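Novice:
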Amino acid sequence: MNTAMRTTLARFRYPFPMLKNPFAEQLQDITDNQWIDGEYLYLYKNDPDTRYKYKKTKTAHIASQWFPTASLERLKPVCRFMLWTLYNDDMYEEAPLSEVKLVHEKSIAVLGGEIAAEEAGIPLALLLASLRSELLQFIPVESLQRFITALNKYFNGLEQELTYKEKRTFPTIEECIAIRENSLCLFPFLELMDIETKLPLPANICNHPAIQRLKALASRMMVCYNEVQSVGKDEATGSIYYNLVKVIQHNRNISLEEACLEDLRIHDEELEEFIQLQMSLPDFGEWHDAVVNRIHYISMTLSGWKNISAKMDRYNTMDGFPSVQAIKANN
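For the sequence shown, the residue numbers in UniProt numbering are 1 to 331.
#1: Do you know how far the Cα of I205 is from the Cα of Y52?
#2: Please state whether the Cβ-Cβ distance between L264 and R11 is less than 7 Å.
#3: May I have the straight-line CA-CA distance separating K165 from L128, to the nearest angstrom?
#4: What's the gap between the Cα of residue 334 and the Cα of K45?
#5: Leaving aside the five residues before and after residue 411 along the sequence, list all residues of the same chain whose C-beta is less than 8 Å from its C-beta, in chain order.
#6: Does the Cβ of D289 have 16 or more other Cβ atoms within 10 Å, making it buried, or fewer, making it exposed?
#7: How about Y242 and C176: are their beta carbons less than 7 Å apart?
#8: Taking the alpha helix (DSSP H) that Q26 falls in, what are its first and last residues?
#9: Starting from the C-beta of I62, find all residues in its chain whose C-beta is less than 7 Å away, skip the five residues before and the five after it, and write them out in chain order.
#10: DSSP three-state label for I308, please.
#11: Just the Cα atoms here: how many angstroms apart are P209 and A150?
#12: Spatial neighbours of residue 332 within its chain, please: CB distance less than 7 Å, with the 5 preceding and 5 following residues excluded, ordered by chain position.
#13: I'd like the span of the alpha helix (DSSP H) that includes F187, first residue to last.
#14: What separation, rounded to the nearest whole angstrom, lies between the Cα atoms of S183 and V103?
#15: Going by Cα to Cα distance, which pick from L214, R180, P202, E174 is closest to L190?
#16: Please classify S255 as buried or exposed, where buried requires at least 16 other C-beta atoms within 10 Å of its C-beta.
#17: Comparing alpha-carbon positions, which option in Q137, I30, Q145, K106 lies nearest K58?
#18: Give the secondary structure of D234 by DSSP, where H, G and I count as helix, E and B as strand, and everything else as coil.
#19: Please confirm whether N21 and P68 have their CB atoms less than 7 Å apart.
#20: For the putative contact between Y87 and L124, defined by C-beta atoms under 8 Å, what is the C-beta separation to the nearest angstrom?
#21: Short of 6 Å in beta carbon distance, which residues of its chain neighbour A24, apart from the five on each side in sequence? Order them along the chain.
#22: Would you please state the rounded distance, in angstroms, between the beta carbons of M300 and L19? I believe it to be under 8 Å.
#23: Can you list, in chain order, the residues of its chain whose CB lies under 8 Å from that of P282, leaving out five sequence neighbours each side?
#24: So, is residue 333 buried or exposed, given that buried needs 16 or more other C-beta atoms within 10 angstroms?
#25: Short check: CB of V110 to CB of A95, under 7 Å?
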């Protein structure tokens with residue numbers, strides 16, 4: 001990452017609190033030893049280097065920034081899902097579109113309890129089956145369904161990314177933001193906040209336009225930060241066709257540094273809208289305090305992500321993420 005990019009990243013600022021779950025290290029130990037080197041060892045059994053890189057990503061620490069007040073038991077399925085996002089992204093961001101569509105279908109079926117993990121025929125089915133079982137200990141079926149719907153959005157975004165990558169063409173800037181808003185995979189985590197608050201919001205509250213817009217803005221802001229941070233990685237892996245910075249550079253015919261600054265400008269506009277909407281929420285009646293609290297937790301995903309990702313090799317070096325060849329060789 002060059003100096004100009006580091007300077008731009010430092011200008012991403014959030015006026016939100018930042019907390020971290022005290023169970024982060026304990027759950028990272030579970031992630032490293034019980035999951036990466038245990039239950040899911042079969043994924044990279046003969047590739048300790050790739051397993052080491054996944055451990056270095058500290059997925060439990062990311063989850064702990066987003067769910068800072070959850071108990072260890074409630075944080076555990078969030079950590080399991082965070083590991084899934086890493087595995088799934090790396091496995092399928094280079095895969096043929098037809099394969100991703102099949103994985104999409106099977107993943108949703110396992111999470112929905114429609115098929116057993118053994119029937120799915122996909123590498124991460126066992127993880128998803130365990131995730132479903134754990135989540136249902138803490139959230140109602142309605143909340144699980146909202147989580148599944150959000151995961152559908154993630155897969156739809158991933159499939160759109162692959163369409164552009166296969167064609168080797170760039171979307172427009174707005175198209176790219178809309179795609180990345182989904183493929184970033186923040187929405188499913190926002191739906192899991194019922195785990196932390198222990199107070200599931202009713203459907204009419206969850207679907208309110210103000211709450212939907214706040215979730216979208218949070219995802220779009222995280223995209224803007226992520227794209228500056230990961231542009232080097234995306235250039236190395238050929239993923240430039242849906243990196244927002246590269247899309248801006250292509251569409252505006254400007255330098256990479258200028259594209260990073262335009263990305264920051266978009267981010268700051270969205271941040272201003274988020275703050276204004278947070279400060280002027282409509283009256284949600286008896287649910288108003290719960291909604292205010294939920295938006296408070298949503299805001300902390302932004303400050304938390306900046307804090308934790310700034311320290312990770314995966315996002316800040318050229319050798320902190322597994323090679324495409326290693327992923328393909330093991331799956």
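For glycine and all other residues, C-beta sits at the position ideal for the given N, C-alpha and C. For clarity, every value in this text was computed on a predicted model and none was experimentally measured.
Specialist: Taking the coordinates as given:
#1: Roughly 42 Å between the two C-alpha positions.
#2: The beta carbons of L264 and R11 sit closer together than 7 Å.
#3: Approximately 27 Å between the Cα atoms of the pair.
#4: Here the chain covers residues 1 to 331 and nothing more, so residue 334 does not appear.
#5: As shown, the chain starts at 1 and ends at 331. That puts residue 411 outside it, with no answer to give.
#6: D289 comes out exposed.
#7: Annotated as proximal: Y242 and C176, with beta-carbon spacing under 7 Å.
#8: Looking at the DSSP string, the run of the alpha helix (DSSP H) that includes Q26 is 24-29.
#9: Listed in chain order, the non-local C-beta contacts of I62 below 7 Å within the same chain comprise M82, I308, local neighbours out to five positions each way being set aside.
#10: Under the three-state reduction of DSSP, I308 is assigned to helix.
#11: Using only the alpha carbons, I get a separation of about 16 Å.
#12: The chain is shown only over 1 to 331; residue 332 falls outside these bounds and no answer can be derived.
#13: F187 -> alpha helix (DSSP H) spans 187-191.
#14: Taking the straight line joining both Cα atoms gives about 15 Å.
#15: The shortest CA-to-CA distance from L190 to any of L214, R180, P202, E174 is the one to L214.
#16: By the Cβ-count criterion, S255 is exposed, with fewer than 16 other Cβ atoms from all chains shown falling within 10 Å of its own Cβ.
#17: Ranked by Cα distance from K58, the options Q137, I30, Q145, K106 are led by I30.
#18: Three-state result, D234: helix.
#19: Taking a C-beta distance under 7 Å as the contact criterion, N21 and P68 qualify as a contact pair.
#20: Rounded, the Cβ-Cβ distance is 6 Å, consistent with contact.
#21: Excluding residues within five positions, the ones whose Cβ falls inside 6 Å are A60, H61, S64.
#22: The C-beta distance from M300 to L19 rounds to 6 Å, short enough to fall under 8 Å.
#23: Result list for P282: H208, A210, in chain order.
#24: Residue 333 is absent from the model: the chain starts at 1 and stops at 331.
#25: With a cutoff of 7 Å on beta-carbon distance, V110 and A95 are scored as not near each other.
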